[in-house]
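As structure tokens, the structure follows; a few thoughts come after it.
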Amino acid sequence: MAELPRLLEGLDPEQREAVAAPRGPVCVLAGAGTGKTRTITHRIAYLVQRGLVAPQQVLAVTFTARAAGEMRTRLRGLGAAGVQAQTFHAAAFRQLRYFWPRMHDTQMWQLTDNKFRMVATAVNKLGMSTEKEDVRDVAGEIEWAKSSLISPEQYPAAAAAAGREAPVAPELLARAFAAYEQVKSRAQLLDFDDLLLHIAGILEASPELAEEFRGQYRSFTVDEYQDVNPLQQRVLDAWVGDRDDLTVVGDANQTIYSFAGAAPKWLINFPRKYPDATVVRLERDYRSTPQVVDLANQVIGAARERPAGTRLKLIGQRPPGPRPDFAEFDDETDEAEAIARKVAKLAKQGVPLSEIAILFRINAQSEAYEKALADAEIPYQLRGGERFFARAEVRQAMSALRTAIARDVAAEDLPGAVRELLVEVGLTEEPPSGGAARERWESLMALVELAEELVAEVPEADLARYVAELDARAESAHPPTVEGVTLASLHAAKGLEWDAVFLVGLTEGTLPIQHANTDAAVEEERRLLYVGVTRAREHLHLSWALARAGSRRFRRRSRFLHTLVPDEHPAALPSKNKVREQQQLIKPAKSAKPKCRVCEAALSGTMDIKLGRCRDCPSDLDEDLLTKLKAWRSERARQLKVPAYVV
Ligand code: ATP
Ligand code: MG
């Protein structure tokens, strides 16, 4: 058992004020890494140790199962085992199992294990598309509506007011939503949001059951409160009732789920709702070096609007460390390979792999990193996303490609042929605006770009060669491991920390994401970058590539980098049109291309650019050839003022 003073010892005066505040409303408004999560665990342990509350009377909610698990472990370590630290859903599920039979006189309905099938049944009844990604988008929209406490009837007006881009006409979506609810209740099944709706409904409808509930739970705590949505807030209100023993902590600058209905207004308005609340603001950042903190301050300092109560500047407490590093690459493969090398270097310096994370905006970005790490034999684990080659759309695409090979479909324009074949599995010309369809589109485009990359290296490659290449990539990926480098989306990285963090793919269209087409949406993207930056304890690397591997589509570095990138970094990049113009100029200039090192022939169809020789020529080449070729490309690119990949 930890001694009482120890619970206050490793804390600063403001954290201590929050921990030792009398029972009642407490609000900690503070930036990333200031010890909010640490403060609430200490507060719970402190109240328990002083005998002010029994562990089983405390309910602490967080937003991910992992965070809840970590909180339980920390509480055990602080002598407060037995506290319920759970996600909103897990807590509601447990409570509902107890209260449902009391309210309805029947056993609780089952939790559905296949919500998408029910959405599919519902949309099918209405004659709408049952394509997997369409169903997923409809399901996502229904989820938003339920989390926002919006009924099917209210949906069209509410969606318009919120500026939602519904995947189908809003009226049709409303009908699909109603049909889904009907299908589900006929089958006596519940989805995740129903758990919250039902527990709130029961506690609101029955004063006796609410009284019984509040006899059991007396003290409530919410971490990451800035990301609470209206449904979760309703549940919280139902739990707390007219009492006020509630501690909330959050950082409005880390609101990253507003697209799904979350809002920081409850956090910001907490002191107004509870005028007696102990309100604490923390400014000292214990997580990151001053260099990282400085960058975080710059990222969020550039925000167009800062919600009231968030004008906090972080003050780094740790000893200085390395300066954050910025790197620009010609293409994504170069970026991923360079990062794999940096990871290996850090590991050599003694940084454990489990203390290194590569964070990206969308899961489709993981492929290049899975491959680069696998090639470098560095174990990794993917958090909150499927491995690229396991994704449904990628598996479907592979099967369509194999069928085409069996049918002997001709391809020498390989990328064009791949693109055409992938249209069968849903690849559209323009990217869908968001949601699951967008993720799926990105995965399919990644396949087209892999074809472009392959023909850049092996111009005669055909479909069979291409599929063989994809198979090899799929096979070479390591099985997921627990000890490896973490690959995760920025959303999945919330609340976590690592010694070294790589923020990759920081280009326009990716961060901010292309469909962020309102100021508010762009601001949410900026907050995502802030969340990413503040995950790093010591080493922070930000990078971007000017093209996807082998692709000629030019990308610009993210607008968020403009004020951050040091002066010595490459100046403004040429405009898209300028690059196109240069590409036209460069294309015919074949004689300017390097010659095969062995036979001296000019670049031919069978030349392997990476090895710098014809594929049939002997391969006893020294290592520096590749370096020379790269130098040649960069020099020429520099002269032409274009990215090296167009040379
Ligand atoms: P986020 O906003 O990212 O969730 P947070 O405010 O919850 O961050 P914590 O995760 O609680 O921050 O703390 C960040 C790091 O700083 C942790 O490693 C924690 O142990 C450490 N820390 C917090 N407070 C102190 C302190 N007073 N002294 C030393 N270390 C501290
Ligand atoms: Mg935290």
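Going letter by letter, the sequence shown gives residues 0 to 646 in numbering that gives the first Met the number 0. Every residue, glycine too, gets a C-beta built ideally from N, C-alpha and C.
First and last residue of the uninterrupted alpha helix (DSSP H) at residue i
i: G249; result: That residue, G249, is in no alpha helix (DSSP H); its beta strand (DSSP E) goes L245 to G249.
i: H561; result: First-last for H561: undefined, no H or E at that position.
i: A405; result: A391 to A405
i: D104; result: Looking at the DSSP string, D104 is not in any alpha helix (DSSP H), and its letter there is neither H nor E.
i: A159; result: Y154 to A160
i: T120; result: K114 to K124
i: L28; result: No alpha helix (DSSP H) contains L28, which is instead part of the beta strand (DSSP E) from V25 to A29.
i: A346; result: E331 to K347
i: F387; result: It is not in any alpha helix (DSSP H) - F387 carries neither H nor E in the DSSP assignment.
i: E180; result: P169 to R185
i: L527; result: D518 to V532
Straight-line Cα distance separating residue j from residue i
i: L313; j: D374; result: 39 Å
i: L495; j: V503; result: 17 Å
i: V25; j: R185; result: 43 Å
i: G68; j: A84; result: 7 Å
i: A396; j: R439; result: 11 Å
i: R322; j: T509; result: 24 Å
i: R526; j: H41; result: 27 Å
i: R116; j: V122; result: 10 Å
i: L669; j: R22; result: Residue 669 lies beyond the range of the chain shown here (0 to 646); nothing can be said about it.
i: L7; j: D498; result: 26 Å
i: G425; j: V118; result: 20 Å
i: G415; j: E366; result: 21 Å
i: R15; j: R37; result: 11 Å
i: Q94; j: D470; result: 47 Å
i: L486; j: D284; result: 25 Å
i: L663; j: L489; result: Residue coverage of the chain in this structure runs from 0 to 646, which leaves residue 663 outside it and unanswerable.
i: V137; j: V167; result: 8 Å
i: L202; j: D133; result: 36 Å
i: W265; j: A91; result: 20 Å
i: A17; j: A66; result: 21 Å
i: I377; j: A389; result: 20 Å
i: F328; j: R554; result: 11 Å
i: S557; j: L505; result: 5 Å
i: T332; j: A371; result: 8 Å
i: P318; j: A144; result: 46 Å
i: E334; j: W543; result: 7 Å
i: P274; j: D243; result: 11 Å
i: A175; j: E423; result: 26 Å
i: E13; j: Q513; result: 41 Å
i: L196; j: I361; result: 30 Å
i: L545; j: E507; result: 10 Å
i: M102; j: K183; result: 20 Å
i: D450; j: H88; result: Per the sequence presented here, residue 450 reads as Ala, with Asp not at that position. Distance between the alpha carbons of A450 and H88: 43 Å.
i: L208; j: N268; result: 29 Å
i: G349; j: A301; result: 35 Å
i: T347; j: L230; result: The identity of residue 347 in the sequence shown is Lys, whereas the question assumes Thr. Distance between the alpha carbons of K347 and L230: 48 Å.
Cβ neighbours of residue i in the same chain (closer than 6 Å, five flanking residues each side left out)
i: K124; result: A178
i: A515; result: V521 and E524
i: T111; result: L188 and D190
Contact set for residue i: own chain, Cβ-Cβ below 8 Å, skip 5 residues either direction
i: L563; result: L294, Q297, V298, F325 and L541
i: V239; result: F219 and L245
i: Q56; result: Q215, Y216, R217 and S218
Cβ neighbours of residue i in the same chain (closer than 7 Å, five flanking residues each side left out)
i: L420; result: A399, L400 and A403
i: M107; result: L95, R96, W99 and P100
i: R213; result: G240 and R242
i: F62; result: T86, E223 and D226
i: L345; result: I355, A499 and H538
i: Q316; result: R283, D284 and Y285
Enclosing beta strand (DSSP E) for residue i [first to last residue]
i: T63; result: From DSSP, T63 is part of no beta strand (DSSP E); its letter is neither H nor E.
i: Q537; result: The sequence given here has Glu at residue 537, not Gln. Start and end: A535 to A544.
i: L381; result: Y379 to R382
i: Q83; result: Q83 to T86
i: E327; result: D324 to F328
i: L358; result: I355 to F359
Cutoff 8 Å: residue i Cβ touching any chain B Cβ
i: D243; result: In the structure shown, chain B does not exist; there is a single protein chain.
| request: Return the chain-ordered ranges of every beta strand (DSSP E) run that is complete within the region 193 to 236 and spans a minimum of 3 residues. | output: 218 to 221
| Ranges of the beta strand (DSSP E) found wholly within the region 483 to 515, counting only runs of at least 3 | 484 to 488 and 497 to 502
| Cβ pair count under 8 Å reaching 3, the region 454 to 467 against the region 152 to 159 | no
| For the 8 Å Cβ check, are there 3 or more pairs between the region 76 to 94 and the region 43 to 62? | yes
| query | Does the region 226 to 236 come close enough to the region 258 to 266 to have 3 or more Cβ pairs within less than 8 Å? | reply | yes
| said: Quick check for students: name the residue ranges of the alpha helix (DSSP H) that lie wholly in the region 234 to 302, counting only runs of 4 or more. | reply: 264 to 272 and 289 to 300
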